[in-house]
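**Q**
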Amino acid sequence: MQRYGDGGIKATGTKKDGPVKGLVVNRITFKQMGNAWVKGGKGYAGVHLNYVSNAKITNNSFVNLENKNVPGNTHGVYLAFNQTQKTSGSYGNLVKGNTFKVISGDPVRASDGSSGNKVQNNVFQKGRDYKGKTRGNGNHGMFTYWVFPRANTCGKGGNTFSGNTYTVNYYNKKTPTVRSGSDTGRTCKSVKDTGGNAYKR
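Okay, so the sequence shown: first residue is 71 according to my numbering, each after it adds one.
#1: So, helix, strand or coil for glycine 88, using DSSP?
#2: Please look up how many angstroms separate the CB atoms of serine 184 and glycine 159, rounded, as I've assumed it's under 8 Å.
#3: Helix, strand or coil, according to DSSP, for asparagine 143 in the structure here?
#4: Can we say the stretch 190–202 touches the stretch 231–246, given the rule of at least three CB pairs closer than 8 Å?
#5: If you drop the 5 nearest sequence neighbours on each side, which residues of the same chain put their C-beta closer than 6 Å to that of methionine 71?
#6: Does the Cβ of aspartate 253 have 16 or more other Cβ atoms within 10 Å, making it buried, or fewer, making it exposed?
#7: Per DSSP, what kind of secondary structure is serine 131 in: helix, strand or coil?
#8: According to the neighbour-count rule (16 or more other Cβ atoms, all chains shown, within 10 Å of its Cβ), is alanine 268 buried or exposed?
#9: Starting from asparagine 152, follow the beta strand (DSSP E) in both directions and report where the run begins and ends.
#10: Do you know whose CA, among Arg271, Gly255, Arg256, lies nearest threonine 245's CA?
#11: So, using beta-carbon positions, are histidine 145 and glycine 175 closer together than 8 Å?
#12: For glycine 206 and aspartate 182, what's the separation of their Cα atoms in angstroms?
#13: Is it buried or exposed, proline 219, if we count other Cβ atoms within 10 angstroms and call 16 or more buried?
#14: List the endpoints of the continuous beta strand (DSSP E) containing isoleucine 79.
#15: Report the three-state DSSP secondary structure of methionine 71 (helix, strand or coil).
#16: Do you know how far the Cα of threonine 82 is from the Cα of alanine 180?
#17: Pick out whichever of Ser250, Gly225, Gly227, Glu136 has its Cα sitting closest to the Cα of tyrosine 74.
#18: Where DSSP assigns a beta bridge to aspartate 263, which residues make up the other side?
#19: Output the residue ranges of the beta strand (DSSP E) runs that lie fully inside the stretch 153–224 and measure 3 residues or longer, sorted by chain position.
#20: Rounding to the nearest angstrom, what Cα-Cα distance links glycine 255 and histidine 210 in this structure?
Below, the structure written as structure tokens:
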């Protein structure tokens with residue numbers, strides 16, 4: 071999938087039907103997405119999961135997902151809720167064996183109460199951005215949890231980051247592997263580094 075302005079795959083559960091369950095996204099390349107590549111694009115995420123459970127996002131490549139406008143808004147995998155219906159967040163999903171290269175926002179982002187998601191054995195690499203400059207991935211961390219006013223809640227736990235290899239961020243600085251942050255002043259510790267992650271500059 072290449073040159074999509076807003077993103078690649080989006081799955082959304084509903085209050086009536088419940089979460090989307092058991093989605094498999096395997097061996098797909100998501101490349102050159104966002105408004106750095108497509109004028110007017112929003113650049114949300116390669117894979118956007120809104121109220122999804124037990125998905126397996128495995129062995130995919132996320133390459134050059136970049137925004138010129140609001141660069142922090144585009145991600146590789148985003149774990150969230152159904153924003154219109156204010157459902158629960160996404161839970162119990164696995165992000166494993168993927169390659170992330172030059173993602174201007176955090177490569178994996180969770181929010182809206184998303185819990186129990188595992189990010190394992192992925193590789194976060196440097197590459198060339200849309201201008202040809204060498205960059206890594208992300209702004210705040212490799213796997214982040216963020217609280218927004220739309221759902222001022224922490225994840226219930228179990229969001230873990232393990233066995234990954236990572237490098238510098240999009241601005242060529244070393245950042246934490248994981249970070250929980252907030253636009254509301256709320257303090258969460260909703261994602262944990264559970265070990266085995268290797269930093270390679």
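For each residue, glycine too, the CB sits at the ideal point set by N, CA and C.
Bear in mind the structure is a predicted one, so any value in this text is a computation, not a measurement.
**A** With the structure as the only source:
#1: Here glycine 88 sits in strand by DSSP.
#2: Contact annotation, serine 184 with glycine 159: C-beta distance approximately 3 Å; criterion of less than 8 Å satisfied.
#3: Three-state DSSP puts asparagine 143 in a helix.
#4: Yes, the stretch 190–202 touches the stretch 231–246.
#5: The answer, listed in chain order, is Gly78, Phe100.
#6: By the Cβ neighbour-count rule, aspartate 253 is exposed, with fewer than 16 other Cβ atoms within 10 Å of its own.
#7: Strand, per DSSP.
#8: With fewer than 16 other Cβ atoms within 10 Å, it is exposed.
#9: Unbroken run through asparagine 152: none, as it is neither H nor E.
#10: Closest option to threonine 245, Cα to Cα, is Arg271.
#11: Taking 8 Å as the Cβ cut-off, histidine 145 and glycine 175 qualify as a contacting pair.
#12: Looking at the two C-alpha atoms, the distance is approximately 26 Å.
#13: Counting C-beta atoms within 10 angstroms of its own C-beta, proline 219 has fewer than 16 neighbours from the protein chains shown and is therefore classed as exposed.
#14: Isoleucine 79 -> beta strand (DSSP E) spans 77–82.
#15: Residue state for methionine 71 is assigned as coil, using DSSP reduced to three classes.
#16: Whole-angstrom Cα-Cα distance: 15 Å.
#17: Out of Ser250, Gly225, Gly227, Glu136, Glu136 has the C-alpha closest to the C-alpha of tyrosine 74.
#18: In DSSP, aspartate 263 forms a bridge with Phe231.
#19: With a minimum length of 3 residues, the continuous beta strand (DSSP E) runs that stay inside the stretch 153–224 are 164–166, 169–173, 178–181, 188–190, 193–195, 213–217.
#20: Those two C-alpha atoms are separated by around 16 Å.
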